Each structure stands twice: as structure tokens, then as C-alpha cells.
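Presented below is the structure to which this report refers.
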Amino acid sequence: MLAVRGILHVDMDAFFASIEQRDHPEYRGKPVMVGAPPDRRGIIATCSYEARKFGIHSAMPSRTAGRLCPHGIYLPPDGKKYAAESREILAILRKFTPEVEPVSIDEAFLDVTASRSVFGDAVEIARKIKARIFHERGLTASVGVASNKFLAKIASDLNKPDGLTVIAEEDKEAVLAPLSVGRLWGVGRVTRDALEKHGYRTIGDLQKADPQHLRPLVGSRAQHLVDLARGKDARPVETAVETKSIGSEHTFETDTDDLLLLKRTLWGHAEKVARELRKQNLAARSATLKLRYADFATITRQTTFAQPTQDETALYEPLERRLADEKIGRRKIRLIGLTARALEPPSIQLDLFDPSAEKRRRLAQAVDDLRAKLGSRAIRRLGD
Ligand SMILES: [Mg+2]
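Residue numbers 15 to 398, in our numbering, belong to the letters of the sequence shown in order.
So this is what it looks like as C-alpha cells:
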């Protein structure tokens, strides 16, 4: 059985306003609004917690804020300063794991599953991150800790500011149950209204729902929404670079439980993805195996590499083991895919530690070059 993942959602508290209060002690303890001036068209981007007592919130028209709090401090945004601060915060987060996915200027997901052996459990890591951000940057963050991204994001929002909220696996359904269906990812106003009209008001209502009954309302997303409502979310934390991921997948003509065919198809994906990684001069820190069953249920299984890789064997082997773990045969497979994630420029230094990897890289490069000349069918590696 796979260990529960450790996922963190770090959300800076009233980010722009907090930076201004840090840099201008005279603003502390006062309502601070960052955004358009109160006598002009435009909105408040962020306001301090003191301003929220006046009923002001982000995205509120500045004129409305001006009426609610005429004596507040209104500041124009200093985008450069906030972006620089964001980079400092990300640098702190990356000291705990390379698997950091910035979501916006003041929010990020972290996968600390592999870091736990070094820094303590996920809650301990969350505590350390909050302490470092406070001591080094003079700012507070609210952190959610859970087994997946959806739950971690819900958690960080439950206690703000300066919160540290854990949603334990055994509590997840109970924590989600009273929340509005609008809190589910992918449920916008239109979908929420449709769900509410049919009696699905809370996430708890969806936990008990039969996906068949939801299908007329939300189409193919029915199963996904019920899974989310039950706190299931398999999406990996994706490290951001320009190319976020490189993947290859294949839908079979006929659903199959032939493990050999599945493995051969997976190897084909590994070759194709590795070739593309080398072409773009990128290496993957992690990769996912995607399986879609005959009933369209889709699962992903992630593996993280000790060293970033662009080698098909390195991509293939751990995912082949994950495939073998899936007990194929009980249900047939419709689609299999492999995606390389957390991409970054390959480090030469890494290869020096593993001469066989360097040898494989050179061989693979030579094969790529030949293929480019002769066409991809012309050459097959030994053991294909
Ligand atoms: Mg925030």
C-alpha cells in the first residue's frame, strides 16, 4: 500500500498589504488597502486584516471601499516589490523540497512526501516553513497540510491569518461535508447553481451522490466531482517551468488486461518522452503513469527520481513497477500514458556521479540522431 502523500498549500496572508505594513511601521494595526485609489474606477487588490473589519475585501471596487473606510490608508500596488518578495518566499519553500508549484504570486503547493525523512513529518515541515518565512521575511503565511492538493488548499483557508491546519485522512469527509459545493475545484457559478437546484448544496450531499444521477448535470465530470467531494485528488504537484510536462498516451482499440502489451506500450511512451526531453534539453524530476480503466475511472501514479533524468530506462522502470502494483486483470485498461514532470535543464554534474547514466545518455543521443536521419522505425534498441 502506498504511503499517504504529504502535500502543503502555503498561502501568504494579505500579501501586498502585509508587505507594506512590514516596510512602513506607521501602517501597522491600521486598515491598509492596496489597489486603485478610492476616488477612481478600479478595485482593491489586497487589504489588511484591519480593513476587513470595515467589510472591505479583495476585488471590491475602490470607491465602495472608500465609502466604508474613508480614513484608511490607500496605496498604489508596487508590482516589482511584490514579485521580488514572492521569489524570496519561493526560495525558502524550495529549501524543503524541489517539488514546489507556484499557483499565483502569493500561493504555492509543495509535495513534501520525500522530504519527510529529512525535515520531520509534513506538519513539522509546515511549522518550519512558517517560522522561516516569519523570521526571514517578516510575513505570515497560512498553511494547509493534507494528503492531496484539493484538501491542502481547503485546509489553508480554514484558519487565516497565520494558520496551520491539518486535514487528517480519517477526517477528510467530515471536514468537507458542511462546505458549499462551490468550494470544489471546477465548480463555477453555473455548475453550482445547477447542483443546488437539484438538492446538492453541500459537499456532503455530493459524497452520497450516485455519479449516474449527476451525469445529466455535470456530464463526464460526475465521477471526478464525487471523488473530490470524498477528498480524493490524485493530481501531482507540478514544478513550474515553461514546459510544464511532456507526455505520451495511447488508447487501445480494445480494452486490454495483457500486462505484456501494457508494458510494451509504456516502454514506447518512455522512449518517445525521453527523446523529446533530450530534444528540448530538459530533465524530469518526476513522472506519472496514467491508467484509464474500461469504466473510464482514471488513476495516476507518480514517481520521483533521485536525480533529474532524460533517460527512457530511468523513466520506465519505476513506472513499470507501479503498473505491476495495479493488479491488472480485475478490470481492463482503456488507456495508458506516461508524463514527465517537474522539468528542468539537466545538470552535467549529476551524470558524473553515475557514469552508466552518462553512457546511456550518449547512446540515446546517438540513437536519436540516427532516427532523425533514417526515420523512427529504422532503429530499435536492443531488447525492444
Ligand atoms: Mg493569500
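Don't be surprised by glycine CBs; every beta carbon is placed ideally from N, CA and C.
In this text the structure is predicted, and so the values were computed from the model without any measurement.
Contact test: residue i Cβ vs ligand 3 heavy atom, cutoff 7 Å
i, result
"residue 29", "Judged by which ligands are present, ligand 3 is missing from the structure shown, whose ligands are ligand 1."
Any non-hydrogen atom of ligand 1 within 7 Å of residue i CB
i, result
"residue 176", "no"
"residue 325", "no"
"residue 120", "yes"
"residue 47", "no"
"residue 171", "no"
"residue 25", "yes"
Beta-bridge pairing of residue i - partner residues as DSSP gives them
i, result
"residue 304", "314 and 351"
"residue 87", "46"
"residue 58", "49"
"residue 158", "23 and 179"
"residue 116", "122"
"residue 147", "Per DSSP, none; premise fails for residue 147."
"residue 260", "354"
"residue 298", "323 and 357"
"residue 194", "216"
"residue 270", "347"
"residue 265", "349"
"residue 400", "The chain is shown from 15 up to 398; residue 400 falls before or after that span and cannot be answered."
6 Å Cβ shell around residue i - same chain, five flanking residues per side excluded
i, result
"residue 8", "Since the first residue shown for the chain is 15 and the last is 398, residue 8 is missing from the structure and cannot be characterised."
"residue 185", "none"
"residue 366", "Here residue 366 scores only 40 on pLDDT, less than 50, and its place in the model should not be relied on; the value that follows carries that caveat. Closer than 6 Å at the Cβ level, and outside the excluded window around residue 366, lies no residue."
"residue 120", "26 and 29"
"residue 259", "353 and 355"
"residue 273", "342"
"residue 283", "262 and 352"
"residue 61", "31, 47 and 70"
"residue 304", "314 and 351"
Close beta carbons around residue i, own chain, < 7 Å, minus the five adjacent residues each side
i, result
"residue 212", "231"
"residue 156", "25, 27, 170, 173, 174, 175, 176 and 177"
"residue 91", "30, 48, 49 and 59"
"residue 208", "231"
"residue 382", "289 and 292"
"residue 3", "What is shown of the chain runs 15 to 398, which leaves residue 3 out entirely."
"residue 200", "235"
"residue 402", "For the chain, the structure presents residues 15 to 398; residue 402 sits outside this window and is missing."
"residue 249", "163"
"residue 187", "221, 244 and 245"
"residue 117", "123"
"residue 192", "216 and 218"
Same chain, Cβ closer than 8 Å to residue i, neighbours up to 5 away in sequence not counted
i, result
"residue 194", "206, 215, 216 and 217"
"residue 241", "247"
"residue 133", "110, 126, 139 and 142"
"residue 308", "269, 345, 346, 347 and 348"
"residue 264", "279, 282, 283, 349, 350 and 351"
Neighbour flag for residue i against chain C, beta carbons, 8 Å
i, result
"residue 253", "Absent here is chain C; the protein component of the structure consists of one chain."
Margin query: Quick check: the region 83-99 against the region 216-235, are at least 3 beta-carbon pairs closer than 8 Å?
Written below: Counting Cβ pairs under 8 Å, fewer than three are found: no touch.
Next item on the list: Flag this pair as touching only if the region 261-269 and the region 33-42 have three or more C-beta atom pairs under 8 Å; answer yes or no.
Entry: Verdict: no, contact absent.
Margin query: Would the region 239-254 count as touching the region 153-167 if we require 3 or more Cβ pairs under 8 Å?
Written below: Enough Cβ pairs lie closer than 8 Å, so yes.
Next item on the list: Determine contact between the region 59-75 and the region 101-114, defined as no fewer than three beta-carbon pairs at a distance below 8 Å.
Entry: Cβ pair count under 8 Å is below three, so no.
Checklist line | Any 3 or more C-beta pairs closer than 8 Å across the region 286-298 and the region 320-334 | finding: Verdict: yes, contact present.
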